[in-house]
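Asks:
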Amino acid sequence: MAKDKIYPLDFDRAFAKLNTLRNDLVFYDTYAQGQQYMAQGSTAMILTSSSRMQQLKDDGQPVDYTFQDGILYPWSSFTMPRNPPHADAANALLDLMSTPEQQAAIAKKLRLGPTVSAALGLLSPAELAMIPSAPANVVKQLTIDVASCAAQDEEYVKRFTAWVGT
1073 MAKDKIYPLD FDRAFAKLNT LRNDLVFYDT YAQGQQYMAQ GSTAMILTSS
1123 SRMQQLKDDG QPVDYTFQDG ILYPWSSFTM PRNPPHADAA NALLDLMSTP
1173 EQQAAIAKKL RLGPTVSAAL GLLSPAELAM IPSAPANVVK QLTIDVASCA
1223 AQDEEYVKRF TAWVGT
């Protein structure tokens, strides 16, 4: 299906497809558990973050990943509790973490897309190749439409929870 035809999500079609795959699916609770399944050969394919797959590759595991037809989550914010005891210090930390230099350092270490787009200019071509939000990788993926998903979130949660429980 073309990326521009995804929304609104067709849950009847999606769950019908999941039903055909159900006996071949393995569920995991944490990214680390998913990595373990891949490393020990318990599964041949996984839906996980690219950074987790890159960690396995760096550790010498015979795995690979692609951004082709991937799912890009465009969330880019930091959270802080309401009325924290040291609000000035927390805000100073968020300010520091939001600089392009710090975002680039995080992207280099964790291979996660920076929340500040100016950080992309501080990454080498090889580093950009591993970042989901690099322009060359964005075009290969479906970027989640947050507003559309939010409108269907309640239905999705109810249906998926019921489906997993059956």
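For our numbering, add 1072 to where a residue sits in the sequence shown, where the first one is 1.
Every residue, glycine too, gets a C-beta built ideally from N, C-alpha and C.
All figures in this text were calculated on a predicted structure; none of them were measured in a lab.
Tell me the DSSP secondary structure of Leu-1214 in three-state form.
Replies: Strand.
Asks: So what does DSSP say about Leu-1182, is it helix, strand or coil?
Replies: Three-state result, Leu-1182: helix.
Asks: Check each candidate in Gln-1174, Lys-1077, Ala-1111 and Thr-1120 and name the one with the smallest Cα separation from Val-1135.
Replies: That would be Ala-1111, whose Cα lies nearest to the Cα of Val-1135.
Asks: By how many angstroms is the C-alpha of Leu-1097 removed from the C-alpha of Ala-1104?
Replies: If I take the Cα positions, the gap works out to 17 Å.
Asks: Would you call the region 1217-1229 and the region 1191-1208 touching, i.e. three or more CB-CB distances under 8 Å?
Replies: No contact exists between the region 1217-1229 and the region 1191-1208.
Asks: For Phe-1139, count neighbouring C-beta atoms within 10 Å of its own C-beta (all shown protein chains included) and say buried if the count is 16 or more, exposed if not.
Replies: Its Cβ being crowded by 16 or more others within 10 Å, Phe-1139 is buried.
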